[in-house]
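Sequence order for the protein chains is A and B. The first sequence begins at 1 in the numbering used here and counts up by one. The second sequence begins at 116 in the numbering used here and counts up by one. Even for Gly, the Cβ is constructed at its ideal location relative to N, Cα and C. Here the structure is a predicted model, which is why all the values come from computation and not from measurement.
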Amino acid sequence: DGGITQSPKYLFRKEGQNVTLSCEQNLNHDAMYWYRQDPGQGLRLIYYSQIVNDFQKGDIAEGYSVSREKKESFPLTVTSAQKNPTAFYLCASSADRAPVDQPQHFGDGTRLSIL
Amino acid sequence: AQTVTQSQPEMSVQEAETVTLSCTYDTSESDYYLFWYKQPPSRQMILVIRQEAYKQQNATENRFSVNFQKAAKSFSLKISDSQLGDAAMYFCAYRTYFGNEKLTFGTGTRLTIIP
Numbered sequence: 001d002g003g004i005t006q007s008p009k010y011l012f013r014k015e016g017q018n019v020t021l022s023c024e025q026n027l028n029h030d031a032m033y034w035y036r037q038d039p040g041q042g043l044r045l046i047y048y049s050q051i052v053n054d055f056q057k058g059d060i061a062e063g064y065s066v067s068r069e070k071k072e073s074f075p076l077t078v079t080s081a082q083k084n085p086t087a088f089y090l091c092a093s094s095a096d097r098a099p100v101d102q103p104q105h106f107g108d109g110t111r112l113s114i115l
Numbered sequence: 116a117q118t119v120t121q122s123q124p125e126m127s128v129q130e131a132e133t134v135t136l137s138c139t140y141d142t143s144e145s146d147y148y149l150f151w152y153k154q155p156p157s158r159q160m161i162l163v164i165r166q167e168a169y170k171q172q173n174a175t176e177n178r179f180s181v182n183f184q185k186a187a188k189s190f191s192l193k194i195s196d197s198q199l200g201d202a203a204m205y206f207c208a209y210r211t212y213f214g215n216e217k218l219t220f221g222t223g224t225r226l227t228i229i230p
């Protein structure tokens with residue numbers, strides 16, 4: 001079955017450490033997205049990519065970096081510059097000109113915590 | 116930039132009763148899409164219902180329906196015959212009609228079903 005796989009499900013980071021969250025999709029979608037979810041703040045867009053080797057900052061990109069070397073993969077690195085990284089991270093994807101009945105497919109998320 | 120506002124952080128309803136969740140948005144565009152997503156405790160994001168702004172008829176999906184008031188920029192979700200499985204966070208989301216498919220989310224409403 002096609003879908004989005006996020007790993008790991010739970011991740012712990014030490015102070016000053018960079019960590020990378022994985023997101024892989026086998027839906028042949030062109031666009032991929034990273035959202036951060038905090039209690040009471042809904043989902044906020046971190047980065048998105050519409051094609052390979054290209055990506056744009058979302059609303060809260062500071063302290064994060066991404067790469068899009070392959071169509072199916074869009075890893076997110078949480079750098080030490082992100083001072084409050086504890087959150088739930090969701091990856092999503094969409095087809096070019098995504099049909100309105102399936103605007104975005106979401107992964108199951110990664111919960112990142114600080115040790 | 117578009118904004119989406121959900122003014123009810125929490126709502127509760129008796130099982131089998133009807134509940135309405137509110138959503139307002141701000142945009143200067145005339146064509147766009149609106150969505151309601153459900154996020155149960157499993158944290159999956161599940162599309163509940165969608166509305167194209169150019170359609171005057173309110174969308175309906177089984178027990179879920181919307182009241183779309185374009186002039187007022189209001190997009191409420193009505194859940195009829197509430198069931199225990201409806202308990203979740205509900206997010207309202209906006210997507211522009213043209214261009215990329217990134218979603219702008221509200222802060223969510225936590226719905227509790229009382230048996």
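Proximity below 7 angstroms, CB of residue i to CB of residue j
{"i": "Ser-133/A", "j": "His-29/A", "result": "This structure leaves residue 133/A out entirely; chain A is present only between 1 and 115."}
{"i": "Pro-230/B", "j": "Glu-130/B", "result": "yes"}
{"i": "Leu-27/A", "j": "Tyr-35/A", "result": "no"}
{"i": "Val-119/B", "j": "Tyr-212/B", "result": "no"}
{"i": "Tyr-205/B", "j": "Lys-170/B", "result": "no"}
{"i": "Thr-227/B", "j": "Ser-127/B", "result": "yes"}
{"i": "Ser-22/A", "j": "Pro-75/A", "result": "yes"}
{"i": "Gly-190/B", "j": "Phe-183/B", "result": "Going by the sequence as given, residue 190/B is Phe instead of Gly. The answer is yes: Cβ separation under 7 angstroms."}
{"i": "Thr-135/B", "j": "Lys-217/B", "result": "no"}
{"i": "Gly-63/A", "j": "Gln-82/A", "result": "yes"}
Same chain, Cβ closer than 8 angstroms to residue i, five either side skipped, listed in chain order
{"i": "Phe-106/A", "result": "Ile-4, Leu-90, Cys-91 and Ala-92"}
{"i": "Lys-188/B", "result": "Thr-139, Tyr-140, Asp-141 and Thr-142"}
Within chain B, the residues that residue i reaches when beta carbons sit closer than 9 angstroms
{"i": "Asp-54/A", "result": "Within 9 angstroms Cβ-Cβ: nothing; Asp-54/A doesn't reach chain B, min ~11 angstroms."}
{"i": "Phe-12/A", "result": "Chain B residues near Phe-12/A: none, gap ~18 angstroms exceeds 9 angstroms."}
{"i": "Val-90/A", "result": "Sequence check: residue 90/A is Leu here, not Val. Per Cβ cutoff of 9 angstroms: Arg-158 and Met-160."}
Residue range of the beta strand (DSSP E) that includes residue i
{"i": "Phe-213/B", "result": "Segment: none, Phe-213/B is in no beta strand (DSSP E) and carries neither H nor E."}
{"i": "Ile-161/B", "result": "161-167"}
{"i": "Phe-12/A", "result": "10-13"}
{"i": "Ile-51/A", "result": "42-51"}
{"i": "Phe-183/B", "result": "179-184"}
{"i": "Ala-31/A", "result": "31-38"}
{"i": "Thr-5/A", "result": "4-7"}
{"i": "Leu-90/A", "result": "87-94"}
{"i": "Phe-74/A", "result": "No beta strand (DSSP E) holds Phe-74/A; DSSP gives it neither H nor E."}
{"i": "Gln-56/A", "result": "54-57"}
{"i": "Cys-138/B", "result": "Segment: none, Cys-138/B is in no beta strand (DSSP E) and carries neither H nor E."}
{"i": "Lys-153/B", "result": "147-154"}
{"i": "Gln-129/B", "result": "125-129"}
{"i": "Arg-158/B", "result": "Element bounds for Arg-158/B: n/a, residue is neither H nor E."}
{"i": "Ile-229/B", "result": "224-229"}
{"i": "Gln-25/A", "result": "19-25"}
Sequence-distant residues of its chain with Cβ nearer than 7 angstroms to residue i (five each side left out)
{"i": "Glu-167/B", "result": "Tyr-148"}
{"i": "Thr-222/B", "result": "Gln-121"}
{"i": "Gln-37/A", "result": "Leu-43, Ala-87, Phe-88 and Leu-90"}
{"i": "Ile-51/A", "result": "Asp-30"}
{"i": "Gln-17/A", "result": "Ser-80"}
{"i": "Phe-55/A", "result": "Tyr-47, Tyr-48, Ser-49, Val-66 and Arg-68"}
{"i": "Gly-109/A", "result": "Gln-6, Phe-88, Tyr-89 and Leu-90"}
Closer than 8 angstroms at the beta carbon, the chain A residues around residue i
{"i": "Pro-124/B", "result": "Gly-40"}
{"i": "Thr-222/B", "result": "Gly-40, Gln-41 and Gly-42"}
{"i": "Phe-206/B", "result": "Gly-42 and Leu-43"}
Closer than 7 angstroms at the beta carbon, the chain A residues around residue i
{"i": "Lys-217/B", "result": "Tyr-33, Leu-45 and Tyr-48"}
{"i": "Tyr-169/B", "result": "Those do not exist, as Tyr-169/B stays about 11 angstroms from chain A at its closest Cβ, beyond 7 angstroms."}
{"i": "Phe-190/B", "result": "Those within 7 angstroms of Phe-190/B in chain A number zero; the least Cβ separation is about 14 angstroms."}
Contacts of residue i in chain B (Cβ-Cβ under 7 angstroms)
{"i": "Ser-94/A", "result": "Glu-216"}
{"i": "Gly-116/A", "result": "Residue numbering for chain A in the displayed model covers 1 to 115; residue 116/A lies beyond these limits and cannot be assessed."}
{"i": "Gly-109/A", "result": "Arg-158"}
Interface flag, residue i vs chain C, CB-CB below 7 angstroms
{"i": "Phe-74/A", "result": "Considering every chain present, this structure includes no chain C. Its protein chains are A and B."}
Residues that residue i contacts on chain B, provided the C-beta gap is smaller than 8 angstroms
{"i": "Phe-106/A", "result": "Gln-159 and Met-160"}
Same chain, Cβ closer than 6 angstroms to residue i, five either side skipped, listed in chain order
{"i": "Glu-176/B", "result": "Ile-164"}
{"i": "Thr-133/B", "result": "Ser-195"}
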